[in-house]
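All remarks here apply to the structure that follows.
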Amino acid sequence: MRTLKAVHEAGSLARAAEHLNSTQSALSHQIKGLEEQTGVALFVRRSKPMTLSSAGLRFLRVAEDVLPKIKALQDEFHELRMGRAGRLHIAIECHACFEWLFPVLEEFRKNWSDVDVDIRPGLAFDALPALQKEEVDVVISSDPEDLPEIVFEKLFDYSPVFVASSHHPLAQKPFIEAADFRNQMLITYPVERSRLDVFSQLLNVANIEPRAIRQVELTAVILLLVASNRGVAVLPDWVVREVKYNSDYVTRPLTEAGITRTLYAAMRNADLQKPFMQTLVDLARTEGRSQQAVSDTT
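Residue numbers for the sequence shown follow our numbering, so the first one is 220 and each next one is one higher.
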């Protein structure tokens, strides 16, 4: 297609060969082979300048439609090889992670606008098997597993903290223990208990059940209910950093020593060296440190 288009535009084999950095002989053989393959004459014989036949003109129209698409595809593949383009579909196993992930992605897009970014709540499906099957590219999780060809990159540490109304009886305690939840309405995200820090790190270990559980989708609504003294909650410290400025709430550590958890970005080992993947990890770590610094100072 390139040869036929070049000969048509140049009007001769010699000028087309120069444009294509080839030889007249090579172009002549290409045209002959193409005519044998199609079974029709593409050029009018012995015409000067070289003129396309009616069949050649139809072939040219197809070439003019197809060649730009091929060029665009070649450019896209080149960007993929150079690591400047690609796909970044993220599954989140942490319901509250949206609070810090959106600022990360907002910064990410400024430098990687050609990367296709999407977010899928990993709580609705098995995120890690989906990562292995290349259905997603990154899984944000606090529960690392030993999986073949999967690496868990540490992002940052966080602390799940107790949140209650400033008028709640437990607001007077310096820290909260498992037994304190026995008579409480516990407000949680609508996810499995195994994915909630308050259960996996505290209540299940002590074999203690709260008086009742109320599931709420939105963080803002959880905080609204807590401020109204309709229950208590346990949230990551980055979620409640602004709550500390509000006299309607109190936050307390879980246990005297506090509980520390780590958030990871799980990805396929083969993708780890992609530049935009490393950028995501670096930005997430920076945002995590920033969130932690705000929590510590407040």
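Even for Gly, the Cβ is constructed at its ideal location relative to N, Cα and C.
In this text the structure is predicted, and so the values were computed from the model without any measurement.
Check: With DSSP run on the structure shown, which of helix, strand or coil describes residue 516?
Finding: Reliability of the predicted coordinates at residue 516 is poor, the pLDDT of 49 falling under 50, and the value obtained from them is presented with this limitation in mind. DSSP, reduced to helix, strand and coil, places residue 516 within a helical segment of the structure shown.
Next item on the list: Run the CB neighbour count on residue 499, radius 10 Å, all protein chains shown included, and call it buried at 16 or more, exposed below.
Entry: buried
Checklist line | Per-residue burial, residue 312 [other beta carbons within 10 Å of its own, 16 or more giving buried] | finding: Within 10 angstroms of the beta-carbon of residue 312 lie 16 or more other beta-carbons, which makes it buried.
Next item on the list: Please state if the CB of residue 226 and the CB of residue 233 are separated by a distance shorter than 8 Å.
Entry: Cβ distance not < 8 Å, so residue 233 and residue 226 don't count as in contact.
Check: Ends of the alpha helix (DSSP H) at residue 372?
Finding: From DSSP, residue 372 is part of no alpha helix (DSSP H) but of the beta strand (DSSP E) over 369–377.
Next item on the list: Just mark residue 289 as buried or exposed, buried being the case when its beta carbon has 16 or more other beta carbons within 10 Å.
Entry: exposed
Check: From 456, 371 and 271, pick the residue whose C-alpha is nearest to that of residue 473; which is it?
Finding: 456
Notebook entry, point to check: What span of residues does the alpha helix (DSSP H) with residue 440 cover, start to end?
Noted result: That run of the alpha helix (DSSP H) goes 438–446.
Next item on the list: Have a look at residue 392 and residue 437 and give me their C-alpha separation to the nearest angstrom.
Entry: Rounded to the nearest angstrom, the two C-alpha atoms are 27 Å apart.
Next item on the list: Would you mind listing the beta strand (DSSP E) stretches within the region 386–419 that are 3+ residues and don't spill past its ends, in chain order?
Entry: 404–407
Next item on the list: Return the chain-ordered list of same chain residues with a C-beta closer than 6 Å to the C-beta of residue 408, the five sequence neighbours on each side being excluded.
Entry: 314
Check: Quick one, are the C-beta atoms of residue 482 and residue 507 less than 8 Å apart?
Finding: yes
Checklist line | Same chain, Cβ closer than 8 Å to residue 477, neighbours up to 5 away in sequence not counted | finding: 378 and 394
Notebook entry, point to check: When we look at the beta-carbon of residue 374 and count the other beta-carbons within 10 Å, is it buried (16 or more) or exposed?
Noted result: buried
Notebook entry, point to check: In the structure shown, what three-state DSSP assignment does residue 454 receive?
Noted result: Of the three classes helix, strand and coil, the one that applies to residue 454 here is strand, per DSSP.
Check: Are there 16 or more other CB atoms within 10 angstroms of the CB of residue 403, so buried, or fewer, so exposed?
Finding: buried
Next item on the list: Could you check which residue in 390, 389, 386 and 351 has the C-alpha nearest to that of residue 371?
Entry: 351
Next item on the list: Could you name the residues of the same chain whose beta carbon sits closer than 7 Å to that of residue 400, not counting the 5 residues immediately before and after it, in chain order?
Entry: 422, 427 and 429
Next item on the list: Give the secondary structure of residue 322 by DSSP, where H, G and I count as helix, E and B as strand, and everything else as coil.
Entry: helix
Next item on the list: Between the Cα of residue 453 and those of 417, 410 and 332, spot the shortest distance and give me the residue it belongs to.
Entry: 417
Note to self: I'd like the list of long-range same chain contacts for residue 279, defined as Cβ closer than 7 Å, with 5 residues on each side in sequence excluded.
What the structure shows: 223, 224, 227 and 271
Margin query: Taking the straight line between their C-alpha atoms, what separation do you get for residue 287 and residue 356?
Written below: Just so you know, the alpha carbons of residue 287 and residue 356 end up roughly 30 Å apart.
Check: Closest by CA to residue 260, which one among 269, 275 and 340?
Finding: 275
Next item on the list: Report the rounded CA-to-CA distance for residue 516 versus residue 293, giving the unit in angstroms.
Entry: With a pLDDT of 49 at residue 516, under the threshold of 50, the modelled position of that residue is not reliable, and no figure is offered here.
Item checked: 7 Å Cβ shell around residue 358 - same chain, five flanking residues per side excluded -> 310, 312, 341, 346, 347, 350 and 485
Checklist line | Three-state class that DSSP yields for residue 360 in the structure shown | finding: If DSSP states are grouped into helix, strand and coil, residue 360 belongs with the strands.
Checklist line | Cβ distance (whole Å) where residue 439 is taken to contact residue 467 below 8 Å | finding: Contact doesn't hold; Cβ gap of about 13 Å is too wide.
Checklist line | residue 329 versus residue 323: straight-line alpha-carbon distance, rounded | finding: 10 Å
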